[in-house]
Amino acid sequence: MMVAAFVPATAQEHQCSGKGKACDGGAAMECCQKKVLVGQQAEAWARENADRLVDNYLAKAGNKLDPDELRKELAEIGYDGTDVPSYRAAERVLVDRAYERMLASAVAAGKTSIILLTGTGGSGKSFSTRTMDFSGEGMLYDSAFNSYKKLSSVIDQAKAAGMTHVKVIAIYNDLITCFKNSIARGKRAKRFLGLKYLIGAFRNNINKISLLHMNYPDVELVTIDNTGNNGGRPVTVEEAEQWQYDVPADLITRMLVHFLHEIDEGELVGQQILSVAGDDYLQIEGMNDTGEALVREIDRRVQAVKQEMKH
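Its first residue numbered 775, the sequence shown is counted upward by one per residue in the numbering used here.
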């Protein structure tokens, strides 16, 4: 059951971070002393500038493709880490271009091994693989890959490009710990995960390990359980197939309770609250009555923040 949906601002009404000055969507959009584009406008700009932006990234990336780092190239059009959803489409343009080029470069150099590092946001991928050396690999692709479909597409592209050894390292952490980790990271780097996005990411991971194991017997699969930030414990594929990606109503309620606690304690303020809520918090599916009441309370906090930011 969903609460009545809040309609977010259009791309043309996007606010400059911390300034409250709206862009008009015209040809020369100057906002906060820089051009600000979001949504489809950002995607179109990324297509026009893809080669230049990817060149900038590749000059410092080594053998690692990290969409979070590549997205920073969109700073020219206003991305500052606080509004990831508005730049997802533009990010995808750059990631697709970078992946194609990095695969070709690695294969041309005779390095035909690739590692795909996968795990939901906040799972602790970097921490769990901190002792692993990837420098000798042809390529390392570090992303969430929040569904079997996404991961299989990347594997197929790597093989078609000439990669002969594909290794997938899958990291798991429980939903509440991922949520807390994402909030802690957001406080440091301004990059938060929205409530509905994280819940959806977990649900999209259901059966991913089982399908990967069944359909890609030639892919090396390493599975690491970081539940509760335990440091990353290697487990068998059979154990990994039991990882909980289902998100029942009581788990959603725990997330919402923690979010409100962070607000009440003053740990999250202003734009941080809006970033964690996301534009679609009223559309979360699978809540019970308690969850729906909590979302209504969150909505009151969000609307209060928006009122404050207008002044």
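For glycine and all other residues, C-beta sits at the position ideal for the given N, C-alpha and C.
Note that the coordinates shown come from a computational prediction; the quantities given were computed from them, not determined experimentally.
>> Starting from leucine 827, trace the beta strand (DSSP E) in both directions and tell me its first and last residue.
In response: Here leucine 827 belongs to no beta strand (DSSP E); instead the alpha helix (DSSP H) covers 813-835.
>> Once the 5 residues before and after alanine 963 are set aside, which same chain residues still bring their CB inside 8 angstroms of it?
In response: The residues are Gly855.
>> Counting C-beta neighbours from all protein chains within 10 Å, is the total for alanine 801 16 or more, i.e. buried, or is it exposed?
In response: Residue confidence is low: alanine 801 scores 39 on pLDDT, short of 50, so the model does not pin down where it sits. No coordinate-derived value is stated.
> From which residue to which residue does the beta strand (DSSP E) around threonine 1064 run?
Replying inline: Not the beta strand (DSSP E): threonine 1064 falls in the alpha helix (DSSP H), residues 1063-1084.
> Looking at the structure shown, is valine 993 part of a helix, part of a strand, or coil, going by DSSP?
Replying inline: coil
> Do you know offhand how far lysine 795's Cα is from glycine 1065's?
Replying inline: Its pLDDT being 38, under 50, lysine 795 is placed unreliably in this model, and the value from its coordinates should be taken loosely. Near 34 angstroms, if we compare the C-alpha coordinates of glycine 1065 and lysine 795.
> Which stretch, first to last residue, makes up the beta strand (DSSP E) that contains tyrosine 915?
Replying inline: 913-916
> Taking C-alpha atoms, which residue in Met1029, Val858, Ile929 and Tyr861 lies nearest to leucine 890?
Replying inline: Ranking Met1029, Val858, Ile929 and Tyr861 by CA distance to the CA of leucine 890 puts Ile929 first.
> Should valine 940 and lysine 933 be called a contact, given that it needs their Cβ atoms to be closer than 9 angstroms?
Replying inline: yes
>> So, for glycine 896: in the same chain, excluding its five sequence neighbours on each side, which residues have a beta-carbon less than 8 angstroms away from its beta-carbon?
In response: Asn947, Thr951, Cys952, Phe953, Lys954, Asn955, Ser956, Arg959, Leu967 and Leu972
>> If I follow the unbroken beta strand (DSSP E) through valine 942, where does it start and stop?
In response: 939-946
>> Please report the straight-line C-alpha distance between isoleucine 851 and arginine 904, rounded to a whole angstrom.
In response: In a straight line, the C-alpha of isoleucine 851 is about 33 angstroms away from that of arginine 904.
> Does DSSP classify arginine 965 as helix, strand or coil?
Replying inline: coil
> Per DSSP, what kind of secondary structure is histidine 788 in: helix, strand or coil?
Replying inline: Because histidine 788 carries a pLDDT of 45, less than 50, the predicted location of this residue cannot be relied on, and no value is offered for it.
> Between Gly912, Val858, Phe901 and Arg845, which lies nearest to alanine 878 when the distance is taken from Cα to Cα?
Replying inline: Gly912
>> Starting from leucine 848, trace the beta strand (DSSP E) in both directions and tell me its first and last residue.
In response: First-last for leucine 848: undefined, no H or E at that position.
>> Can you tell me whether valine 1009 is helix, strand or coil according to DSSP?
In response: Here valine 1009 sits in strand by DSSP.
>> Considering only the alpha carbon of each residue, which of Glu865, Met906 and Asp842 lies closest to glutamine 814?
In response: Glu865
> Ends of the alpha helix (DSSP H) at serine 926?
Replying inline: Boundaries of the alpha helix (DSSP H) harbouring serine 926: 922-935, taken from the DSSP string.
>> Just verifying my parser: in three-state terms, what is the DSSP assignment at isoleucine 998?
In response: strand
>> Please report the distance separating the alpha-carbon of alanine 1078 from that of lysine 970.
In response: 20 angstroms
>> Can you find the residues in the same chain that come closer than 6 angstroms, C-beta to C-beta, to threonine 1123, ignoring five residues on each side of it along the sequence?
In response: Nothing can be reported for residue 1123: it is not among the residues displayed for the chain, which extend from 775 to 1085.
> Is the Cβ-Cβ distance between leucine 868 and alanine 824 less than 9 angstroms?
Replying inline: Yes, the Cβ-Cβ distance between leucine 868 and alanine 824 is below 9 angstroms.
>> Since leucine 839 and alanine 816 should fall inside the 8 angstroms C-beta cutoff, what is the C-beta to C-beta distance between them, to a whole number of angstroms?
In response: Their Cβ separation, rounded to whole angstroms, is 20 angstroms, which puts leucine 839 and alanine 816 out of contact at 8 angstroms.
> If we count the other Cβ atoms within 10 Å of its Cβ and call it buried at 16 or more, is isoleucine 888 buried or exposed?
Replying inline: buried
> So, helix, strand or coil for isoleucine 973, using DSSP?
Replying inline: helix
> Rounded to whole angstroms, how far is the Cβ of arginine 1075 from the Cβ of isoleucine 1026, which I believe are closer than 8 angstroms?
Replying inline: Rounded, the Cβ-Cβ distance is 17 angstroms, inconsistent with contact.
> Candidates Ala820, His1035 and Gly936: which alpha carbon is nearest alanine 863's?
Replying inline: Ala820
>> Tell me the rounded alpha-carbon separation between valine 828 and tyrosine 915.
In response: Each residue's alpha carbon lies about 15 angstroms from the other.
> If we ignore side chains and look at the alpha-carbon of each, how far apart do leucine 1068 and phenylalanine 901 end up?
Replying inline: 32 angstroms
>> Please state the DSSP three-state secondary structure of threonine 892.
In response: strand
>> Which residue marks the beginning of the alpha helix (DSSP H) containing proline 841, and which one marks its end?
In response: 841-844
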